[in-house]
Each structure stands twice: as structure tokens, then as C-alpha cells.
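Chemist: Numbering (my numbering), first residue to last: 284 to 685. Glycine residues also receive a C-beta, built at the ideal position from the N, C-alpha and C atoms. What follows is a structure written as C-alpha cells; I'll ask about it next.
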């Protein structure tokens with residue numbers, strides 16, 4: 284018996300799961316468009332899908348923001364339908380041998396800063412910035428980086444009055460410990476500065492291959508988070524960024540200069556990375572490390588598939604349309620405002636997510652506090668992970684694809 288959602292979305296195989304429920308691949312029976320269908324039991328102890336769908340709608344139109352196709356209830360489930368995207372940056376980091384080149388990191392930094400700047404301009408902070416929550420597109424949009432997973436997002440200011448939330452202490456750690464800002468570890472209410480600092484840790488993770496506070500052992504999670512905090516506090520930005528261009532130290536210096544209510548200088552941060560990109564004489568061609576590996580594999584007569592590490596994760600890819608995105612991808616968007624770096628576009632970004640926690644209504648419940656960057660996978664998923672990478676990079680005509 285064929286299962287459908289809203290009479291037009293055919294439910295396909297299960298592709299992921301998390302604390303919120305399950306995700307299935309699906310198809311719009313009228314258009315053939317591939318979608319992701321997220322199911323959450325109506326009786327869930329920590330429902331979040333309704334809240335998340337509201338955040339999606341608030342952010343709709345932003346370049347690199349997943350598009351919502353439908354939200355409602357079907358039977359015993361809340362259902363959110365969004366389009367499929369390609370693999371996450373964590374997936375691709377594993378695909379590339381757990382290290383990205385400076386060129387790739389700078390191109391990603393530009394796009395990721397744009398995504399956070401746009402989200403902040405809509406009065407929300409993400410609170411779980413990590414490689415898993417940024418997905419590339421497919422097809423013509425295979426170089427566009429999309430931000431996903433708004434289950435822990437929180438409104439930090441009143442959009443009508445601009446009034447900022449109040450400074451608080453004694454908060455639980457919300458997000459992922461590996462990338463959490465130091466102030467978040469200290470229990471301070473998060474604001475824009477914390478998203479930006481977390482992004483800095485992500486960028487150094489990409490460049491270094493790991494962060495100094497990974498792999499720490501402790502008896503309890505509380506002790507582990509305390510050890511991570513102590514290691515972060517003991518690791519000065521000069522040490523963290525040693526061996527890499529000074530612009531990364533400058534990035535952290537800016538983060539540390541920000542007060543609780545301060546607006547990050549997104550323009551400055553993007554400029555220092557763009558200037559570095561130009562000084563390195565990199566070509567702004569939108570070619571990332573995974574594209575080069577794919578070409579090398581193809582030239583060697585392989586199928587372009589690199590075995591992932593055991594903790595690798597994957598997001599199955601789907602169709603998309605739009606411009607490829609290199610360092611200046613956002614500024615080249617025809618719908619971008621020439622005067623304001625934050626702009627909206629109907630370019631049709633769409634997404635697929637997994638491993639969501641429950642922060643219902645922007646609260647701190649069910650916060651994701653794990654140091655690990657990936658989600659647990661069911662036995663036997665390794666083959667589907669590799670085929671997903673193949674599909675995302677090559678499309679339906681991937682070498683060796685059925």
C-alpha cells in the first residue's frame with residue numbers, strides 16, 4: 284500500500300532518525316520533486332516540529348535556507364516536508380580525509396557567515412553551529428552551502444522594537460560541546476557572538492583536522508564538559524591557530540571583543556577572509572576539495588567514492604536549481620541587494636536534516652550537549668552512506684549507480 288502525505292507526497296524509504304522522530308525520502312507525485320519527510324509522534328514528550336516549521340517560515344526566502352513544502356498532521360504524526368539536499372560538511376570532511384584546504388575553508392567561511400548574518404537579521408540565533416548543520420546542494424546548486432536544524436534556535440531580540448533579550452547566567456549548555464563558545468560553557472545566555480565563535484571553532488576544525496579538546500576522557504558527561512571547557516580556556520587563539528594565516532586569530536579576537544548585545548561585524552569578518560583569499564591567488568571557481576577528489580577518482584577509473592570513517596554521516600542528495608557558489612556566490616546572486624550584505628532570494632534552497640534534539644520554543648530542553656559531531660547510525664547503513672555521497676556528487680548517473 285502506497286503511503287502519502289497531504290495526498291501528494293509519496294513516502295519512500297527511511298533515511299534518518301533522531302530524538303524528534305524519523306525522516307523518510309519522498310516524492311511529489313505531481314512534479315516528481317524529491318523531498319524529505321520528517322515525522323514526529325503527536326504524543327512526543329518534547330515536540331519541536333511545529334516550532335521548527337515556524338522558524339523555517341520566518342527564514343523563508345533567505346539564500347541557502349531550506350524551503351518548506353508542507354507542514355501539518357497526518358494520523359498520529361506531525362509532518363514537515365522539505366526538499367532533499369546533498370551531504371553535510373561533516374560528511375564531506377570525512378570524504379576528504381578529515382581535512383580541508385585553506386581555499387575550501389575560506390569559500391565555506393564566506394557562505395557560512397552569510398547564512399548566520401541572515402538568520403541574525405531575522406532576530407534569531409542558531410545555537411548549534413556545527414559541520415552537520417550545513418549541507419551542500421546538488422546539481423547546479425552543488426556548491427551552495429545551506430544552513431539547517433533550527434530545533435535549538437532562539438529569538439534574541441524583538442523584531443519590532445529591536446529590544447535584546449536580557450543577560451542571564453546559570454544556563455544549561457545548549458548545542459554541541461565540541462563547538463560551543465566558552466561563554467556557553469560558563470552558563471551565560473547565548474547571543475549572536477556565540478554563533479560566530481562556534482563558527483570559528485568549526486573553521487579551525489576543518490583546517491587542523493581536529494580540535495585540542497576532542498577525545499577527552501571523563502567518568503560523567505558533566506565532568507567531560509568541564510574538561511572540554513578547561514581545555515578551551517587554556518588554548519589561546521594564538522595556539523589554536525598556530526601555523527595558519529593570522530586572519531583566523533583576528534577572527535577570534537573580534538569574537539572575544541563582543542559584548543552580550545553587540546552586533547558582530549560580519550562585513551569585517553568576510554572582508555579579512557576575502558582579502559586572504561585574493562592574496563593567496565586562489566581562483567574563485569567554486570571548486571571545493573571534494574570536487575577535486577571526485578575528478579581524481581574518475582581519472583583513475585574509479586567511481587569517485589571515498590570510504591568514510593566509521594563515524595561518518597550522510598545526507599542523501601536531491602535535485603536543485605540555481606547558481607554554483609564560490610567565495611562570492613552570495614554577492615553574485617541576482618536578487619542580492621547591492622547595499623545590504625543581508626538579502627533574500629527566491630532561489631529555492633531546500634534541505635534535509637537528521638539528528639535533531641528538542642529545544643521546543645527556543646528553550647533549553649533536550650539540548651544537544653555531546654562532543655561528537657555526528658549522529659549514531661543504525662547497523663548496515665555504511666553502504667547507503669557511500670551511495671548517498673555518490674548520488675550527491677554525481678547525480679542519478681553516478682558511475683556504478685543502478
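1. With distances taken between CB atoms, is the gap from residue 396 to residue 552 smaller than 8 Å?
2. What are the start and end residues of each continuous beta strand (DSSP E) run of 3 or more residues lying completely inside the region 354-419, in chain order?
3. With contact counted as at least three CB pairs below 8 Å, one residue from each stretch, are the region 458-470 and the region 399-407 in contact?
4. What ranges does the alpha helix (DSSP H) occupy inside the region 422-509, keeping only unbroken runs of at least 4 residues that lie completely in it?
5. Count Cβ pairs between the region 380-390 and the region 450-457 that sit closer than 8 Å; are there 3 or more?
6. Taking the alpha-carbon of residue 329 as reference, which of 311, 346 and 304 has the nearest alpha-carbon?
7. In terms of residue numbering, what span does the alpha helix (DSSP H) encompassing residue 561 cover?
8. Do residue 336 and residue 351 have their C-beta atoms within less than 8 Å of each other?
9. What is the rounded straight-line gap between the Cα of residue 439 and the Cα of residue 403?
10. Out of curiosity, what's the CA-to-CA distance linking residue 391 and residue 284?
11. Closest to residue 477 by CA distance: which of 492, 547, 501 and 529 is it?
12. Buried or exposed: residue 325, going by 16 or more other Cβ atoms within 10 Å of its Cβ?
13. Rounded to whole angstroms, what is the Cα-Cα separation between residue 300 and residue 374?
14. Going by other Cβ atoms of all chains shown within 10 Å of its Cβ, with 16 needed for buried, is residue 340 buried or exposed?
15. Once you ignore the five residues that flank residue 292 on each side, which residues in its own chain have a CB closer than 8 Å to its CB?
16. Cα separation between residue 430 and residue 338?
17. Distance check for residue 550 and residue 446, CA to CA, integer angstroms please.
18. Is residue 339 helix, strand or coil by DSSP?
19. In terms of alpha-carbon separation, which member of 462, 497, 523 and 427 lies closest to residue 393?
20. Are residue 370 and residue 485 close, meaning C-beta to C-beta below 8 Å?
21. By the DSSP assignment, the beta strand (DSSP E) with residue 576 in it spans what residues?
22. Would residue 288 and residue 357 qualify as a contact pair, given that the criterion is a beta-carbon distance under 8 Å?
23. Mind reading off the beta-carbon distance from residue 543 to residue 450? Whole number of angstroms is fine, and I expect it under 8 Å.
24. Return the Cβ separation of residue 494 and residue 458 in integer angstroms, given the expectation that the two are a contact with Cβ distance under 8 Å.
25. In three-state DSSP terms, what is residue 307?
26. State yes or no: is the beta carbon of residue 471 nearer than 8 Å to at least one beta carbon in chain C?
27. Helix or strand or just coil, what does DSSP make of residue 287?
28. Helix, strand or coil: how does DSSP classify residue 515 here?
29. Check for me: the alpha helix (DSSP H) holding residue 520 runs from which residue to which?
30. Round the Cβ separation of residue 416 and residue 441 to the nearest angstrom and send it over; I've been treating them as touching at under 8 Å.
31. Can you tell me whether residue 530 is buried or exposed, with buried defined as 16 or more other CB within 10 angstroms of its CB?
32. Among 555, 443 and 483, which has the Cα closest to the Cα of residue 462?
33. Note the first and the last residue of the continuous beta strand (DSSP E) segment covering residue 530.
34. From 398, 327, 344 and 349, pick the residue whose C-alpha is nearest to that of residue 359; which is it?
35. Between the Cα of residue 307 and those of 315, 568, 521 and 286, spot the shortest distance and give me the residue it belongs to.
36. Shortest alpha-carbon distance to residue 421 belongs to which of 577, 448, 367 and 472?
Modeler: Concretely, from the data shown:
1. With contacts defined by Cβ atoms closer than 8 Å, residue 396 and residue 552 form a contacting pair.
2. Runs found: 360-366 and 417-419.
3. By the criterion of at least three beta-carbon pairs nearer than 8 Å, the region 458-470 is not in contact with the region 399-407.
4. You should have 465-468 and 475-491.
5. Here the region 380-390 makes no contact with the region 450-457; the two share fewer than three CB pairs at distances below 8 Å.
6. Cα-wise, what sits closest to residue 329 is 304.
7. For residue 561, the uninterrupted alpha helix (DSSP H) run begins and ends at 549-562, by DSSP.
8. In contact: residue 336 and residue 351 (Cβ atoms closer than 8 Å).
9. Roughly 8 Å separates the two Cα atoms.
10. Computed Cα separation, rounded: 43 Å.
11. It is 547 whose Cα lies nearest to the Cα of residue 477.
12. Counting Cβ neighbours within 10 Å, residue 325 comes out exposed, since fewer than 16 surround it.
13. If you take the alpha carbons of residue 300 and residue 374, they lie about 16 Å apart.
14. By the C-beta density criterion, residue 340 is exposed, having fewer than 16 other C-beta atoms within 10 angstroms.
15. Hits under 8 Å: 309, 310, 311, 312, 318, 320, 352, 353 and 364.
16. If you take the alpha carbons of residue 430 and residue 338, they lie about 12 Å apart.
17. Looking at the two C-alpha atoms, the distance is approximately 23 Å.
18. Here residue 339 sits in helix by DSSP.
19. Of the candidates 462, 497, 523 and 427, the one whose C-alpha sits nearest the C-alpha of residue 393 is 427.
20. It is not a contact, given that the beta carbons lie outside the stated cut-off.
21. Where residue 576 is concerned, there is no enclosing beta strand (DSSP E), although the alpha helix (DSSP H) around it starts and stops at 572-582.
22. At a Cβ-Cβ threshold of 8 Å, residue 288 and residue 357 count as neighbours.
23. Contact annotation, residue 543 with residue 450: C-beta distance approximately 5 Å; criterion of less than 8 Å satisfied.
24. Rounded, the Cβ-Cβ distance is 15 Å, inconsistent with contact.
25. Strand, per DSSP.
26. Here there is only one protein chain, and chain C is not present.
27. Reduced to three states, the DSSP call for residue 287 is strand.
28. Note: residue 515 maps to helix in three-state DSSP.
29. Looking at the DSSP string, the run of the alpha helix (DSSP H) that includes residue 520 is 520-523.
30. The pair is not a contact, with the Cβ atoms about 25 Å apart (cut-off 8 Å).
31. Buried, because 16 or more other Cβ atoms sit within 10 Å of the Cβ of residue 530.
32. Its Cα nearest to that of residue 462, the residue 483 stands out among 555, 443 and 483.
33. Not the beta strand (DSSP E): residue 530 falls in the alpha helix (DSSP H), residues 530-540.
34. Among 398, 327, 344 and 349, the Cα nearest to that of residue 359 is on 327.
35. Minimum Cα-Cα distance from residue 307 among the listed residues 315, 568, 521 and 286 corresponds to 286.
36. Closest option to residue 421, judged by alpha-carbon separation, among 577, 448, 367 and 472: 367.
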